[in-house]
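Following this note's numbering, the numbering of the sequence shown begins with 24 at its first residue and continues without gaps.
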Amino acid sequence: MFRQFSFPKITFLPGGFTLLEVLVSTAISATLLLIVVPAVLNGLSKYALYTGARQMATDIRGWQQQALSAGDTMSTYSIQFDPLNDTYHLMINNVSRQKQSLPVYLDLDSTNFPSNELKFNLRGVPVSGGGTITLREKLTRRSYYVIVAPVTGRVRVSPLPPAG
Numbered sequence: 024m025f026r027q028f029s030f031p032k033i034t035f036l037p038g039g040f041t042l043l044e045v046l047v048s049t050a051i052s053a054t055l056l057l058i059v060v061p062a063v064l065n066g067l068s069k070y071a072l073y074t075g076a077r078q079m080a081t082d083i084r085g086w087q088q089q090a091l092s093a094g095d096t097m098s099t100y101s102i103q104f105d106p107l108n109d110t111y112h113l114m115i116n117n118v119s120r121q122k123q124s125l126p127v128y129l130d131l132d133s134t135n136f137p138s139n140e141l142k143f144n145l146r147g148v149p150v151s152g153g154g155t156i157t158l159r160e161k162l163t164r165r166s167y168y169v170i171v172a173p174v175t176g177r178v179r180v181s182p183l184p185p186a187g
């Protein structure tokens with residue numbers, strides 16, 4: 024009258040992972056991430072600083088060309104740097120024509136232009152001589168320099184400060 028009931032036999036198939044194997048693979052993955060992520064972030068911050076400095080140099084060259092091509096003896100072309108707000112203004116006759124803000128991860132650390140203003144004559148040469156603008160990356164504190172030559176007005180970007 025009573026039927027005999029038996030539980031089905033459980034068989035383990037090979038191919039699963041043990042807890043030890045999962046822990047070892049997780050530890051290896053975490054170690055690799057700890058090595059790779061800082062290297063990638065360092066490379067990205069270096070690239071961001073370089074591109075920010077190149078953009079500023081391009082803006083300075085463009086404003087030089089504006090002064091050169093204007094041919095107006097009455098106009099004054101200048102760039103006013105604002106280290107407190109990390110911005111610079113492209114100006115004609117002391118009126119801002121365009122405001123450029125640096126990316127949030129960059130600081131306009133300093134300039135050595137008189138009153139933080141770079142003025143150009145009709146030939147595109149800096150009126151008060153050359154100078155240097157220092158950009159600093161906020162995370163790594165690495166610096167890049169935008170250097171304006173005094174006689175020729177040549178603009179270049181360098182990771183090293185100018186000699187002298």
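Even for Gly, the Cβ is constructed at its ideal location relative to N, Cα and C.
Check: residue i C-beta below 7 angstroms from any heavy atom of the ligand SAM
i: residue 179; result: For the structure depicted, the ligand SAM is absent and the ligand set is empty, with no information on it obtainable.
C-beta atoms of residue i and residue j nearer than 8 angstroms
i: residue 173; j: residue 152; result: yes
i: residue 87; j: residue 143; result: yes
i: residue 80; j: residue 169; result: yes
i: residue 126; j: residue 66; result: no
i: residue 145; j: residue 96; result: yes
i: residue 178; j: residue 83; result: yes
i: residue 99; j: residue 116; result: yes
i: residue 131; j: residue 120; result: no
Given residue i as reference, the closest of the options once Cα atoms are compared
i: residue 70; options: 107, 184, 167 and 186; result: 167
i: residue 123; options: 134, 161 and 103; result: 103
DSSP beta-bridge partners of residue i
i: residue 130; result: 159
i: residue 181; result: 168
i: residue 110; result: 105 and 124
i: residue 119; result: 114
Nearest-angstrom Cβ-Cβ length linking residue i and residue j, presumed shorter than 8 angstroms
i: residue 183; j: residue 72; result: With a Cβ gap of about 13 angstroms, residue 183 and residue 72 do not count as contacting.
Boundaries of the alpha helix (DSSP H) in which residue i is found, first to last residue
i: residue 89; result: 42 to 93
Limits of the unbroken beta strand (DSSP E) element including residue i
i: residue 105; result: 100 to 105
i: residue 142; result: 140 to 143
Cutoff 8 angstroms: residue i Cβ touching any chain D Cβ
i: residue 82; result: Protein chains in the displayed structure number just one, and chain D is not present.
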